[in-house]
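Each protein sequence line maps, in turn, to chains A, B and C.
Add 38 to the 1-based position in the first sequence for my numbering, that's all there is to it.
Add 157 to the 1-based position in the second sequence for my numbering, that's all there is to it.
Add 186 to the 1-based position in the third sequence for my numbering, that's all there is to it.
We put the CB at the ideal spot given by N, CA and C, even for glycine.
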Amino acid sequence: MQQRISAWLAAATAAFLVPLSTAQAKTPPDTFVVAANMSQMITLDPAAINESFTAGFMRNVCDALIGFDEKDPSKLAPGIAESWTVSPDSTTYTLRIRGGLRFPSGNPVSAEDIAWSMKRNLKLNLANAQRLREWDITKDNVDSVVQVVDAQTLRIKPTRPWAPNLFLFAFTDFRVAPALDRREILKNEAAGDLGNKWLATHSACVGPFRVATWRPQDVMILDRNDGYWRRKVAMKRVVVRHVPEAGAQRLMLEQGDIDFADNIDPADFQALEKNPRVHISYTPSLGVSYMMFNMNDPRFRSPKLFEAFRYLFDYHGLESTLLRNHSIARESVVPNGVFGALPESYKPYKLDLERAKRLIAEAGYPDGFSAEIAVLNSFPYPDLAQHLQANAEKVGVHLKITQMIGAQLYQRARARKFELYMAGYGFNYPDANNIFLRFAYNPDNSPTSKDTISVAWRAGWDPGASFNDAIRAAQVERDQAKRQAIYEDLQKRFNATSPIIPLFQRLSVNAVGADVTAFRHTLTGDDYSSIEKR
Amino acid sequence: MNALVRTGWRSWLSAEVAQSAWQASAQRAWLGWRRFLGNPLAVAGLAVIVALMVVALAAPWIATHDPYAQDLAARLLPPGAGHWFGTDEVGRDVFSRVVYGSRITLEIVFLVAIIVAPIGLAIGTVSGYAGGWLDTVLMRVTDIFLAFPGLVLALAFVAALGPGLFNAVIAIALTHWPGFARLARAETLVVRHADYVSASRIQGASPMRIVLRHVVPMCLPSVIVRTSLSMAGVILTAAGLGFLGLGAQPPSPEWGAMLASGRRFLIDYWWMPTFPGLAILLVSLAFNLLGDGLRDVLDPRSE
Amino acid sequence: MTLAGLAALTFFIGRVMPVDPVIAIVGEQADQETYRAVRAQLGLDRPLPVQFAYYVRDIATGNFGTAIATGHPVIEDIRRVFPATLELATLALLTGVLLGVPLGIAAAVWRGRGPDHAVRLFGLVGYSVPHFWLGLIALVVFYARLHWIGGSGRVSVANVDLVPSVTGMILVDSALDRNWDVFRDALRHIAMPALILATTSMAYLSRMTRSFMLEQLGQEYVTTARIKGLSGFGVTWHAFRNIAVPLVTVVVLAYGGLLDGAVLTETVFGWPGFGQYLTSGLLAGDMNVVLTCTLLVGVIFLALNLLSDVLYRTLDPRTR
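Spelled out as structure tokens, the structure:
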């Protein structure tokens, strides 16, 4: 019986070494088993992936042109582009594509594939087209901006002289310029959709793994691509099971049924830290928690009011209890680890009810006021909101909390239909430009503005011409030290005038079974190619 | 009444022949009550519900702490001398929150009952008595609502109306009235051919009067039973909605919401979701037992 | 006509929901251009009556739209997820019948005494317990502490896709394939969710059985049989045979009620079935999914009611 089943297993799948006695399940040494909540995974097409779980995951399937140095993540390192040069006036970038690369289909990788994928991104005009538009690369100018010099050379001529370090950051995200297997994709094209339907459920790019199976909200299986250029990959297969309950994920991890639980809840941190069968570690991420006022509401105009609320949070208390190992207090809008950030020691605010009450009175509300705060309904926002509510009550402000799911909350943000708001945000790359573009840059604060993506616009905040201009100036400043100085100044001005209050920076929790001896976690995601097991 | 004073109320209630309609009704109620008392489970159910009302009314005296007071230094403490049911993730006393949560539970139950029973009764009796196209239309509408699983319908309504306790009550009421309407209609169909109804009609009583004076009272027993039984389901649905974050909003100590926020802590800090869960179970069970007992007493056909 | 009303009601709910399906697709950080493009793609910029007209036309031609989360036609998705729920509900129903009916009989036979009260209490507890709470506790106790049952999902990781899918129900498929290890594994995973789901139908069935039995036991032929000396067991057996028909119709109705419970139970146990599909569709504001699923559930309920009526008429010898 055992032999027959082994034969069956070997025939149907790669060689699994799992004993079928389910009393003590262990995962095979060359297979990495993950439990994650896959309900947000909608599509695998790089031109359309917009949410963080899928993006982080697909980074292990599609390499980007440029990566980060493994020893010093603040430095850029070669990816699919093995080297690049920038012209002195910052208008021409020449990238040399690594030679000898092949797609899983066997087709060779050339600069044409990359240029094609960028044009495809713009033509399809889905969620990630804006990642190119952000750099003023549009459908209309892409043919002159992106040029194929030869099979191994790509030339990019942006229309603005962006600071080189900044512009190159764009290419660390695989969704901007992935190496897509043009021939394979076009073979599977349907009605001129440039393979969008096919790529939604398949992968066709260069990376350590390829997608072998994907059943939405059920399971995803990645198979190793042999001969990966970056390193020898130990894992032959990665299996991701859909487990929506964080508690169930933890139980599976403790039992040894899985190697990695993607959604460990902070309530389980302490128990897992004590469990010898589990390794748990915490690394900073580019996610933040914040709250904001809606300045379109005539009551919320005074910067003193905004300042007052900055004193209503017990940052240190929360950081060491409720948010322990989940978030760290970060009182500047630019998170730690991002170029341009103020130092970690920058902590000008703490819980001070007296001061808050005084400032609220100075803002014109000596008897306080009532307001509704719209809150994302996942941890930690309801708890943070209740903390704020309790403290606000003590200074005469009555807050009514309304929790809602993302799709509902973001709709209200876009429509500017809220009074107070509390949620999280995930930034894309570790440069302050990214942060200020999203949270401060707001040249057109009118209701008909096209910049509804800007959180500043949603808060109805016009930072002023000099602020907007400084952001634009920093984008093309070649001197890194000068850029740093501009951003530091902007962060301080932000805290002094903005209705947006930065609160915490999220940590990413990594919980693996004790059999996993190596697994690299970075600011932008988990590297499955680096995994080693006992 | 003189008879009452002279011979004592006990003998008045057990007199062989009733001297007035009032005495006859009182006697029936008294007999029903005695039969009810003979059912220990039903009595237990009633006791729990009475206890619930007492706790809700006397909450400020029974609770040991302020249910909203946060204390980050005292979070996640196990049940003990200082906190009988332990503390939650922001240091609030779970016992006090469960106690105050009883008020919300009662509020929901009461509001739903006074919305659903009259509306269901009205639609059902009108539909059953009038017959014809009115009946068909009303019953089709009822069928459409009945064709949905209760939770899904409530979910959809609350999602549409927005989260909040009041909206949750409306949504729950919207999902429960069809059952009552059907029940009332069934009873009405039986009653409308009764002799005394026909007699009333011949005497020239208006349909409205007939329905109100004759039909509705006949439906009342089964409606009362159904109300009690439904309340159990209402509590569970409200808990389900609170569980999904669509009911009472924080920091309100609604039991379903407490289950939701405590669910993450089930493995290591079991007291957080367990006590509200037990409270829901107990109260829901009590309504079921009560309804069961009432049915045995009021609805002879259930024998 | 009920179906038409159902369609209208679900459409109304769908459009009134304040959840924005466009945001579910493009995410919070999409710019105006992307948002508008996708909105137009979904046909949401057309006036409401027009949308409804399209909706009706689509349904009439069997086109139930594409699900946002999977990118596949909703019908295909339902075909994929339904067997899981079917398996779970069927097993739950069987459990409910196997446990509920004998309990109901016992309650009727020993009416008014210990067993009757015990069964009543037990049944009512089943009605009153919040399933999601019970499910979580079961996972903690029986999976984490005692290792008696499997964890989340239908089978453990090693057995995913191992057995060729004939019916989509892993228990059936693995039995057909004679792969008993997978069968055992699947059984270990389905046991707890089925048991928890069964608690409500157990309560319902035990009470209905009790009711029916009491009716029978009060009849003349029973008294006659007792006088004639027929054993207690024999009497019970005869009475039971007479209620078998109405009981079957009740069982059919109970099946529909299980769909309601599946919604939360599936979430707790990570069961990739219809209930989970509907809930995630609802919370994502995916109208195609919500409308199609609720229509389907409505149709199933109606069909079960009809089946119940038909069975009653054909099987009951008295109505022939």
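(message) Whole angstroms are fine: how far does the CA of Q293(A) sit from the CA of H559(A)?
(response) 23 Å
(request) Anything in chain D within Cβ reach of L322(C), meaning under 7 Å, just list it in chain order. (result) Protein chains in the displayed structure are A, B and C, and chain D is not among them.
(message) I'd like the span of the alpha helix (DSSP H) that includes T410(C), first residue to last.
(response) 406 to 413
(message) Can you confirm whether the region 371 to 378 of chain A touches the region 321 to 339 of chain A when touching is taken to mean that 3 or more C-beta pairs between the two stretches lie within less than 8 Å?
(response) yes
(message) Considering just the uninterrupted stretch of the alpha helix (DSSP H) at I538(A), what are its terminal residues?
(response) Looking at the DSSP string, I538(A) is not in any alpha helix (DSSP H); the run it does join, the beta strand (DSSP E), is 538 to 551.
(request) Determine which residues of the region 469 to 487 of chain A have a Cβ less than 8 Å from any Cβ of chain C, and write them out in chain order. (result) R476
(message) Taking 8 Å as the cut-off, does the region 233 to 240 of chain A touch the region 73 to 85 of chain A (at least 3 CB pairs, one atom from each stretch)?
(response) yes
(request) Using alpha carbons as the reference points, say which of G450(B), W428(B), L455(B), S409(B) lies closest to Y225(B). (result) S409(B)
(request) Output, in chain order, the set of chain B residues within a Cβ distance shorter than 7 Å of G294(A). (result) The premise fails here: G294(A) is roughly 17 Å from chain B at the closest Cβ pair, so nothing lies under 7 Å.
(message) Counting only Cβ pairs nearer than 9 Å, list the residues of chain A close to R421(B).
(response) A284, G285, D303, P304, A305, D306, F417
(request) Compute the Euclidean distance between the alpha carbons of A183(B) and A172(B), then round it to the nearest angstrom. (result) 11 Å
(request) From the DSSP output, in three-state form, read off T28(A) for me. (result) Since the first and last residues shown for chain A are 39 and 572, residue 28(A) lies out of range.
(request) With 7 Å as the limit, tell me which residues of the region 302 to 319 of chain C have their beta carbon closer than that to any beta carbon of chain B; keep them in chain order. (result) H303, R306, L307, L310, V311, Y313, S314, V315, P316, F318, W319
(message) If distances are taken between C-alpha atoms only, which option among F209(A), L260(A), M156(A), L160(A) comes closest to D219(A)?
(response) M156(A)
(message) Let me confirm a value: S487(A) is counted as buried when at least 16 other C-beta atoms fall within 10 Å, else exposed. Which label applies?
(response) exposed
(message) Give me the chain A residues within the contact set of P233(C), using Cβ-Cβ distance strictly less than 9 Å, ordered along the chain.
(response) Neighbours of P233(C) on chain A: none; closest Cβ ~19 Å, over 9 Å.
(message) Measuring only the C-alpha atoms, how far is P199(A) from Q513(A)?
(response) 8 Å
(request) Classify I175(A) as helix, strand or coil using the three-state DSSP reduction. (result) coil
(message) So that I know if they touch, is there some Cβ in chain C lying closer than 7 Å to that of T490(A)?
(response) yes
(request) Measuring alpha carbon to alpha carbon, tell me which of L356(A), E515(A), E120(A) ends up nearest T210(A). (result) E120(A)
(request) Within its chain, find whatever has a CB closer than 8 Å to the CB of Y257(B); leave out the 5 residues flanking it on each side and keep chain order. (result) A216, A220, P224, P410
(request) May I have the straight-line CA-CA distance separating S59(A) from F369(C), to the nearest angstrom? (result) A caution first: S59(A) carries a pLDDT of 32, below 50, which makes its placement in the model unreliable, though a value can still be read off. For S59(A) and F369(C), the distance between alpha carbons rounds to 13 Å.
(request) Measure the Cβ-Cβ separation of A478(A) and R450(A) and say whether it is below 7 Å. (result) no
(request) Compare the Cα-Cα distances from H333(B) to each of L346(B), V269(B), H350(B) and report the closest residue. (result) V269(B)
(request) Name, in chain order, the residues that DSSP records as bridge partners for L218(A). (result) C243(A)
(request) State yes or no: is the beta carbon of Q360(B) nearer than 7 Å to at least one beta carbon in chain A? (result) no
(message) Can you give me the C-alpha to C-alpha distance between G243(B) and R232(B), rounded to a whole angstrom?
(response) 9 Å
(request) Pull up the CB-CB distance for S592(A) and A556(A), whole angstroms please, since I reckon it's below 8 Å. (result) Absent from the model: residue 592(A). The displayed extent of chain A is 39 to 572, so no value can be given.
(request) Step through the CB atoms of chain B and report whether any lies within less than 7 Å of the CB of G229(C). (result) no
(request) Identify whether Q518(A) lies in helix, strand or coil by the three-state DSSP scheme. (result) helix
(request) Evaluate the contact criterion for the region 434 to 441 of chain A versus the region 375 to 390 of chain A: three or more CB pairs, one atom per stretch, below 8 Å. (result) no
(request) Would you kindly work out how many angstroms separate the C-alpha atoms of D18(A) and N480(A), rounded to a whole number? (result) Any question about residue 18(A) goes unanswered here, given that chain A covers just 39 to 572.
(request) With 7 Å as the threshold, decide whether the Cβ of A338(B) is near any Cβ in chain C. (result) no
(request) Could you have a look at F419(C) and say whether DSSP puts it in helix, strand or coil? (result) helix
(message) My output table needs one value for G138(A): the three-state DSSP class, helix, strand or coil.
(response) coil
(message) Quick check: N226(A) and P142(A), are their CB atoms within less than 7 Å of each other?
(response) no
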